Amino acid sequence: MADTEKRGLVARWLIGKERPEDYARSTLPTSRFGLFWDILKGRFGRLMLVNLLILLTCLPVAALIVWRALTVGAAGMGGPFGAGLGPSFPYIPDIVGNAEALALQNDLVFFSLFIPAGVIAGLGISGGFYIIRNLIWTEGIFVANDFLRGIKRNFFNVLEAVLVFTVVLFVARTMGNLADFYVATDASGAGWMIASKVVGYIIVSFMLLVCLWMISLGISYRQGPWALFRNAVVMTIGTFPQTVLFAALALWPFFLAIFGGMNFLGMLGILFLILIGFSYAGLVWLDFSQWAFDKYVNPNIGVATGRGLYNKETGTMNTAPTLTEEQSAAMREYRRQMVANGRSKLVSRPVKPIDEGTDPYQLPDSFSREDLQKLRESKEEMAKDVKAYEEEHKNDERYVAYNKEFDEMESALSEEENGKGGGKKKKQNKKVRRPKMLPRK
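Those letters in the sequence shown? Residues 5 to 445, by my numbering.
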């Protein structure tokens with residue numbers, strides 16, 4: 005810190021002031037709330053780029069929303085809903101329920117098209133939310149590569165969530181329009197239809213929360229379609245107050261843009277969505293999801309908690325990975341190769357640096373038996389010196405840690421090999437309690 009260079013105003017604003025190492029570590033995020041602000045401030049440009057990629061896949065949904073608004077407005081202006089208001093109007097005997105029937109026809113087309121448009125949007129959600137999850141886990145990212153990798157790995161899980169929500173929304177909206185039509189025409193059973201309308205919208209709200217959990221669970225864990233839906237319902241019910249709160253904090257820009265109208269609030273919501281709204285929603289929801297996983301899921305399946313946070317006790321970042329089956333198999337193969345190659349002689353024991361100690365005796369061009377004896381004695385002296393150095397430093401931390409890690413690796417591999425066909429493995433599996441949630445197939 006003595007040889008510091010005085011920076012300008014812009015450099016200090018971008019890089020920050022030089023601080024001691026202890027102070028720099030104290031500023032690392034130790035909570036999910038601190039991690040949220042750290043990512044939002046430090047990765048704002050990345051979040052905007054991810055938001056742009058998600059926005060491109062959501063353009064069909066946006067086009068359908070605009071098309072519906074224009075269609076409903078045109079129908080309201082040109083429809084025969086004012087019969088008998090003046091001498092110039094033609095006489096229409098009965099227009100009761102025309103507006104409701106027209107709304108029913110329009111919404112049948114719109115909400116049915118909303119399903120394939122949501123599938124296209126699922127591409128952006130699976131890729132963009134995968135990048136945001138990696139940011140929360142403090143992993144290095146390459147936006148374009150990770151976006152495509154996220155689509156490849158998570159699209160079917162996100163597709164399931166999108167299909168569940170869009171189909172439920174289609175059914176609920178259809179029932180709501182039918183209820184309005186029954187009430188307008190004073191048909192029998194109108195009361196039951198109104199009840200179905202209310203229940204339908206309650207189910208849509210609940211399924212929105214469930215689908216949010218399906219997305220975060222599908223991105224973080226590997227599981228089947230039914231297990232994904234079941235676990236999402238369990239997480240929604242088990243953390244219902246927190247789920248409602250953080251879903252509202254994540255989705256307020258969408259509700260503001262859709263229901264805000266063509267005024268200042270609506271334009272503000274649309275502008276926020278264009279800039280960073282999708283990334284902001286993903287960051288809020290996935291950050292909350294990781295908190296819930298650390299509290300309710302990860303301890304039950306033997307995964308380290310607090311991933312992406314700074315641990316004050318150990319002085320390191322929590323980066324314990326959640327391995328998939330392929331990654332676990334690759335790790336086992338790596339360990340097998342390490343054990344087969346044996347301990348590294350350069351790492352498992354101290355080796356005296358070549359530039360330390362005495363040099364061997366140099367033979368002259370014309371040497372005698374006495375010179376050979378001196379060379380032999382110098383080599384013996386060097387060997388003793390190397391041995392003494394090894395004895396002096398054999399208990400150094402790095403050598404002890406390496407040998408301990410290699411012994412553990414060797415014993416773990418030996419237990420796996422011995423338990424493949426015998427009863428030892430079965431006995432071990434009885435002790436491991438598989439959680440009811442999140443079975444990893």
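Note that beta-carbon positions come from the ideal geometry of N, C-alpha and C, so glycine has one too. Predicted model, so just to flag it, every value in this text is computed and none were measured.
- Message: Let's test the definition: count the other Cβ atoms within 10 Å of the Cβ of S293 and tell me whether it reaches 16, buried, or not, exposed.
- Response: It counts as buried.
- Item | Terminal residues of the alpha helix (DSSP H) in which V162 lies | Counting along the chain, the alpha helix (DSSP H) containing V162 begins and ends at V147 to A188.
- Message: How far does the alpha helix (DSSP H) with K45 in it extend, from its first residue to its last?
- Response: Start and end: R36 to G46.
- Message: Quick check for students: name the residue ranges of the alpha helix (DSSP H) that lie wholly in the stretch 210 to 298, counting only runs of 4 or more.
- Response: Annotation: the stretch 210 to 298 contains the following complete segments of the alpha helix (DSSP H) (minimum length 4 residues), in chain order: 229 to 242, 244 to 263, 268 to 276 and 282 to 296.
- Task: Note down the Cα distance separating L253 from L313, rounded to an integer number of angstroms.
- Result: When rounded, the distance between both Cα atoms is 22 Å.
- Task: Indicate the three-state DSSP secondary structure (helix, strand or coil) for A87 in the structure shown.
- Result: Any reading at A87 must be qualified, since the residue scores a pLDDT of 48, below 50, and its modelled position is unreliable; the value itself is stated next. In the structure shown, A87 sits in coil (DSSP, three-state: anything other than H, G, I, E or B).
- Could you tell me which of I145, V162 and P64 sits nearest to A121, measuring between CA atoms? The shortest Cα separation from A121 among I145, V162 and P64 belongs to P64.
- Query: Below 8 Å between beta carbons: does that hold for Y225 and P257?
  - Reply: No, these two residues do not count as a Cβ contact at 8 Å.
- Message: Just verifying my parser: in three-state terms, what is the DSSP assignment at A392?
- Response: When DSSP states are grouped into helix, strand and coil, A392 belongs to the helix group.
- Look at A183 and M197 and say whether their C-beta atoms are less than 8 Å apart. With a cutoff of 8 Å on beta-carbon distance, A183 and M197 are scored as near each other.
- Query: Going by C-alpha distance, which of F174, F146 and E401 is nearest S116?
  - Reply: Proximity to S116 across F174, F146 and E401 peaks at F174, based on C-alpha coordinates.
- Message: Quick check on L39: buried or exposed, where buried means 16 or more other Cβ atoms within 10 Å of its Cβ?
- Response: Label assigned to L39: buried.
- Message: Checking 8 Å against the spacing of the C-beta atoms, do S200 and M179 come in under that value?
- Response: Against a cut-off of 8 Å, the Cβ pair of M179 and S200 comes out as a contact.
- Roughly how many whole angstroms lie between the Cα atoms of A79 and L275? For A79 and L275, the distance between alpha carbons rounds to 28 Å.
- Message: Just verifying my parser: in three-state terms, what is the DSSP assignment at R347?
- Response: DSSP places R347 in coil when its eight states are reduced to three.
- Determine the burial state of R137: buried for a count of at least 16 other Cβ atoms within 10 Å of its Cβ, exposed for fewer. Around the C-beta of R137, 16 or more other C-beta atoms lie within 10 Å, and the residue is accordingly described as buried.
- Item | F133 versus K156: straight-line alpha-carbon distance, rounded | Cα to Cα, F133 sits roughly 13 Å from K156.
- Round the Cβ separation of R347 and F410 to the nearest angstrom and send it over; I've been treating them as touching at under 8 Å. That belief holds up - the Cβ atoms of R347 and F410 are roughly 6 Å apart, short of 8 Å.
- Taking A176 as the reference, give the member of V162, D150 and L108 with the closest Cα. For the options V162, D150 and L108, the alpha carbon positioned closest to that of A176 is the one of L108.
- Query: If we count the other Cβ atoms within 10 Å of its Cβ and call it buried at 16 or more, is D26 buried or exposed?
  - Reply: Annotation note: pLDDT 45 at D26 (below 50); position unreliable, no value reported.
- Query: By Cβ distance below 7 Å, which residues in the same chain neighbour Y393 in space, the five residues on each side in sequence not counted?
  - Reply: So the list reads P354 and K356, once near-sequence residues are dropped.
- Cβ separation of K124 and T61, assumed to be a contact under 8 Å, to the nearest whole Å: Checking the sequence shown, residue 124 turns out to be Ile, not Lys. About 6 Å separates the two Cβ atoms, so the contact holds.
- Message: To the nearest angstrom, how far is the alpha carbon of F118 from that of S418?
- Response: Rounded to whole angstroms, F118 to S418 spans 55 Å at the Cα level.
- DSSP three-state call for L71: helix, strand or coil? It should be noted that the sequence gives Trp, not Leu, for residue 71. Looking at W71 - three-state DSSP - the assignment turns out to be helix.
- Task: Using a threshold of 8 Å, state whether the C-beta atoms of I43 and L139 are closer than that.
- Result: Cβ atoms of I43 and L139: closer than 8 Å.
- Does DSSP put A66 in a helix, in a strand, or in coil? In this structure, A66 counts as helix in the three-state DSSP scheme.
- Message: Quick check on the burial criterion: 16 or more other C-beta atoms within 10 angstroms. Buried or exposed for W230?
- Response: Counting Cβ neighbours within 10 Å, W230 comes out exposed, since fewer than 16 surround it.
- Item | Cβ-Cβ distance between G128 and I58 below 8 Å | Judged by beta-carbon spacing, I58 lies within the 8 Å limit of G128, meaning their Cβ atoms are closer than that value.
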